[in-house]
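Heads up: the sequence shown at position 431 corresponds to 431 in UniProt numbering, and the numbers run straight through without jumps. C-beta atoms are modelled at their ideal positions from N, C-alpha and C, and glycine is treated no differently. Source: prediction; values computed, not measured.
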Amino acid sequence: MVFSHSKEAHPQNVSAIFIHAGAGFHSYQAESTHLWVCNQAATLGMAVLRAGGRAVDAVEVAVKFLEDHEITNAGYGSNLSVHGTVECDATIVDHLGRSGAVGAVEHIKNPISLARLVLDVSTKPLSLNRVPPNLLVGPGATEFAYENGMPVLHADFLVSGGSRERWLRWKRDLAQVEAEENQEEAPKSAQYQHPGHTSSTRSRFSSPGRGITSRSWWRSTNPTNPPSGSDGPDGVASPDTVIRPHAHLPDASEREYEEHINTGCLGLDLNNAEGVAESQGGTDGSSHPAELRKRKRTRLPLESGTSTSTSFGYAGKAIPPEHVGDQPQRDPAEESPQHGYIMGSDDNIIDTVGAIAVDCHGNIAAGSSSGGIGMKHSGRTGPAALVGVGTAVIPVDPKDEARTCVAAVTSGTGEHMATTMASNVCAERIYSSTRKVAGQPGVFETVNEDEALEAVIDVDFMGHPGVKSSHCHAAIGVMTVKVTRDGIAFYFAHNTDSFALASMNSTDAEPKCLMSRNGGHNKVAQGGRFIRFNRYMTCPKALFTMPISNNKGSIGH
């Protein structure tokens, strides 16, 4: 990647990057793994900033690292849709508030890079005064990636062992609920039923998700806390829906999934088709989306707990199919914590990841990426693809002497965040340091940023009429950064059980990582950090104050 140097704003001689790996519940056993991923992402992002890269460059690199690891629900290893495919969302916003986003995109290993590509192309004029897009979804996004030279992979290359196991379990649960509902309805309709109805009904239950409502799926698994395959939050799964490391999977389901893979997630017979990962007359490993339906490839082994992220390099090239089986096998005893990860029975975090960066010129950028909820409807577009919902930036006002700018990224119940425009509201409240006055509609009062952020969750989010009237569990985690002439202020808050975070500035020897926990009971846990600009020193002094206490209790180091 070639980094561009920004010529805008005034040099502050300090840069910083902030990472989150999702809000939900992280088991204590897997905590070190989640924090390791955050640590590495922050380290890579800071390396970009120290090399002179722009904030938007650092965000892309950091989020790409998160997408490449199965432990996160972004990019490789993301939750599968009801049809067994990976469909991802991503957004990136620069310091001017310009954005690039993709939604429900398949066949792309790093959605954040495609979002960055959309951003870059959107800044260039088109012929005939056409307006370039800044949001692309579905097949159109995949086509755009191919046309601009980005590798397009077969859908199965993005499926990990863990996501496959979760899909199998959720599929069995769906089929079981459908069968139970069918038995309940059978006596009522038996006298009207035509003999041919039996076979049609049986075929309806052979495909996951058909003929079942999210309400019945939610009720059958957990009446109070929706599983990640329901209308619940992107990052909060119920214990009943989390696959255990060595869970036994019936042979019938295994054969069913193998048949699904052999015919391909796109419905083609992979064993009798022509090559997929080889490009037309090229060796970059990419394919035109239409060609994915015609070519043959060697099927990627999908054994439980086996990560295939090593089949891809960070340069973005796909491994030709004839070499997939030649990848060296790792000894589990020698693997570092991030390799071969399988979600434990107590680890209920499968959610959006995000990053915010500030470069040495004071420019800010933010980005989010997510694979969405498990067993989602095909085409479902989540908050990570929506500016103002999952990611927001308020740029510097040219007339503002304080040169204030704010960025915010969110994680949690995607549909509720869309209802409340979560990231945009958060950015506005932090920018102006205000909150709503109770009992006085349209009236705001000036408070400090911690109080403003707490009110964003308690009042603007949890108190929103659309959220209060919803049957879905409401959960949210917010990470926001405010830059002024005095320094960089980092704030976070969440009402989920835990929130994985990391921060690093250019004077830090290593990232500061934290697994914030709120002790349950839907309390709002908060924390932050302030990095002060020193105008008289080349190397500014930084003050680490994370976490901090609030009126609802404190969170530990």
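- prompt: Quick one: what does DSSP say Asp486 is sitting in, helix, strand or coil?
  reply: In the structure shown, the three-state DSSP call for Asp486 is coil.
task: Give the DSSP-derived three-state secondary structure of Leu136 in the structure shown.
output: Strand at Leu136.
task: Label Thr142 either buried or exposed according to how many other C-beta atoms from any shown protein chain fall within 10 Å of its C-beta, with 16 as the threshold for buried.
output: Per the 10 Å Cβ criterion, buried.
- request: Using three-state DSSP, classify Cys472 as helix, strand or coil.
  value: Note: Cys472 maps to coil in three-state DSSP.
- prompt: To which residues of the same chain is Ala21 closer than 7 Å at the C-beta, ignoring the five residues directly before and after it?
  reply: Closer than 7 Å at Cβ, skipping near neighbours: His34, Val37, Cys38, Leu66, Thr72, Val353 and Ala500.
- prompt: For Lys436, which beta-bridge partners are listed by DSSP?
  reply: Beta-bridge analysis with DSSP links Lys436 to Phe444.
field: Ala542 versus Val387: straight-line alpha-carbon distance, rounded
entry: Interpretation of Ala542 is limited by its pLDDT of 37, a score under 50 that renders its predicted location unreliable; no figure is taken from the coordinates.
- prompt: Between which two residues does the beta strand (DSSP E) harbouring Phe499 extend?
  reply: Element bounds for Phe499: Ser498 to Asn505.
message: Output needed for His83: all residues of its chain with C-beta closer than 6 Å, excluding positions within five of it in sequence on either side, in chain order.
response: Cβ neighbours of His83 beyond the five flanking positions: Ser378.
Touch test, the stretch 481-490 against the stretch 357-371, Cβ-Cβ under 8 Å, three pairs minimum: Verdict: yes, contact present.
- prompt: Using the beta-carbon count (16 or more within 10 Å), is Ser81 buried or exposed?
  reply: When all chains shown are included, Ser81 counts as buried.
field: Pair within 9 Å by beta-carbon distance, Lys64 and Asn110
entry: A contact, by the Cβ cut-off of 9 Å.
query: Got a sec? Which residues, its chain only, sit under 6 Å from Met417 by beta carbon, not counting five neighbours each side?
result: Taking C-beta separations shorter than 6 Å and ignoring five residues to either side along the sequence, the partners of Met417 in its chain run Pro383, Val389 and Thr410, following chain order.
query: Is it the case that the Cβ atoms of Val137 and Ala385 are separated by a distance below 9 Å?
result: Taking a C-beta distance under 9 Å as the contact criterion, Val137 and Ala385 qualify as a contact pair.
task: Throw me the rounded Cβ distance for the Gly162 and Pro395 pair, which I believe falls under 8 Å.
output: Separation of the CB atoms of Gly162 and Pro395 is rounded to 39 Å, and the pair is thereby denied contact status at 8 Å.
task: Keeping to the same chain, check which residues put their C-beta closer than 6 Å to that of Ala502; ignore five residues upstream and five downstream.
output: Taken in chain order, the residues that qualify are Ile19, Cys38, Asn39, Ala42, Pro511 and Cys513.
- prompt: Where do the ends of the beta strand (DSSP E) carrying Val102 lie?
  reply: Residues Ser99 to Val105.
- prompt: CA-CA distance, Ala474 and Ala402?
  reply: A direct Cα-Cα distance of roughly 36 Å separates Ala474 from Ala402.
query: Is DSSP giving Ile71 helix, strand or coil here?
result: Reduced to three states, the DSSP call for Ile71 is coil.
field: Same chain, Cβ closer than 6 Å to Asn424, five either side skipped, listed in chain order
entry: Here Asn424 has Gly388 and Ala392 as same chain residues with Cβ atoms under 6 Å from its own Cβ, once five neighbours each way along the sequence are excluded.
task: Can you tell me which of Gly442, Val443, Asp450 and Glu415 puts its alpha carbon nearest to the alpha carbon of Cys426?
output: Of the residues Gly442, Val443, Asp450 and Glu415, the one whose Cα lies closest to the Cα of Cys426 is Asp450.
message: Whole angstroms are fine: how far does the CA of Val478 sit from the CA of Ala51?
response: Ala51 and Val478: Cα-Cα distance of roughly 29 Å.
Bridge partners - His494, DSSP secondary structure assignment: DSSP links His494 through a beta bridge to Gly477 and Ala525.
message: So for Asp89, helix, strand or coil by DSSP?
response: In this structure, Asp89 counts as strand in the three-state DSSP scheme.
Backbone secondary structure at Leu386 - three-state DSSP: The answer is coil: DSSP assigns Leu386 none of H, G, I, E or B.
field: Spatial neighbours of Tyr431 in its chain, beta-carbon cut-off 6 Å, leaving aside the 5 residues before and after
entry: Hits under 6 Å: Ile394 and Val406.
- prompt: In or out: residue 605 buried (at least 16 other Cβ within 10 Å) or exposed?
  reply: Residue 605 falls outside the range modelled here, since the chain spans only 1 to 557, and no answer is possible.
field: Three-state secondary structure assigned by DSSP to Arg532
entry: Reduced to three states, the DSSP call for Arg532 is strand.
- prompt: How long is the line joining the alpha carbons of Leu153 and Leu44, rounded to whole angstroms?
  reply: Rounded to the nearest angstrom, the gap between the Cα atoms of Leu153 and Leu44 is 25 Å.
query: Taking C-beta to C-beta, are Ser369 and Gly24 nearer than 9 Å?
result: It is not a contact, given that the beta carbons lie outside the stated cut-off.
message: If you measure between the beta carbons of Arg435 and Ala104, is that distance less than 9 Å?
response: No, the pair does not count as a contact, with Cβ atoms beyond the cut-off.
query: In angstroms, rounded to a whole number, what distance separates the CA positions of Ala16 and Val59?
result: Those two C-alpha atoms are separated by around 11 Å.
- request: To the nearest angstrom, report how far apart Arg529 and Asn505 are at their CA atoms.
  value: Spanning the two alpha carbons is a distance of roughly 11 Å.
message: For a quick check, are the C-beta atoms of Val467 and His494 less than 9 Å apart?
response: The answer is no: Cβ separation not under 9 Å.
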